[in-house]
Every structure is written in structure tokens, then in C-alpha cells.
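Quick notes on the structure that follows.
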Amino acid sequence: MKLARFAAALGATAALTAAAVTPAVAQQHSSTSPRDYTCSNQGGGPDHSVICSGLITVNNVLNGTTVNIGDINVLNDTQLSDLEIALVKVADNNINAPVTVQVAALETAVVNTYLTKFGIAVLPIKVNVCAVSVCV
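No gaps in the numbering here: position 35 of the sequence shown is 41 in this note's numbering, and each next residue is one more.
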């Protein structure tokens, strides 16, 4: 009987400890991601572009990255947020991949996000992604 109560107490303690630790770990990861991206509309008319900036990791060194999508529609706040999330997901999946791979993945994420989320076809030629002096 004592063994059963001890096992139950041990199980309850483990569950409470896990519950207490899990939110802290998740909160730390989401709030300290070094690869956050911010996007904004720039200009107007035929010279309009969406500019995003963020970071990628190359050999454990963070580098500035810019994404410039030219001659397309003005995006609303929800669309800008969706684009930022897509870029962060790609950056988080390609940590320490060669810079050319990361830059190409960001370009692909932009083209796919515009098409699947916004219903806007953007040619890759309109997407300029640069990081560490490598541009596509």
C-alpha cells in the first residue's frame, strides 16, 4: 500500500514539474528566436515593394538578410504577418545550411506564400533576397 501511494505521489510530482517547465521552455524559444523577420510596404504605384528584413545563421554567425518583393500589390497587416511567419519558418529549418541554400529557400517561401496565401502570382525575378553578399 505504501509503495502504491509513493508511486502515485512520484507520478503527480513528475507531472507538475513537467507542466511547470514546458511553458517556460516554449516561451523562451518563441520570444528569443534570432531569426525574426519584419515586413513592410514601401512606396506606391508601379514602384511599390514589400521589404522584409531578418537574420539567417551561417556557421553559427547571424547575418542580416533582406527580402525585396517589387512591383506587386500593397499587403494588408494580416498578409505581412503571414509573410513574416513563412520567412521565419524557412530560417528556422535551414540553420547552418550554406547561405546559397538559405537564400534560395527564402525566395521560394516568398513565391509560395504569395501564391497559396494571397492568390498573387509573383515571378521569382521580382523577389530579391540578399544575405552575406549573396543575392538571388
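Don't be surprised by glycine CBs; every beta carbon is placed ideally from N, CA and C.
Per the DSSP secondary-structure output, G76 pairs in a beta bridge with S55.
In summary, C45 is buried, with 16 or more beta-carbon neighbours lying within 10 Å of its beta-carbon over all protein chains present. For a cut-off of 8 Å, the C-beta gap from N100 to V107 is around 6 Å, short enough to register as a contact.
Only residues of its own chain outside the window of five on either side were considered, and among them S59, C136 have a CB closer than 6 Å to the CB of T72, listed in chain order. The beta carbon of A111 is closer than 7 Å to those of V96, N100 in its chain, skipping five residues each way along the sequence.
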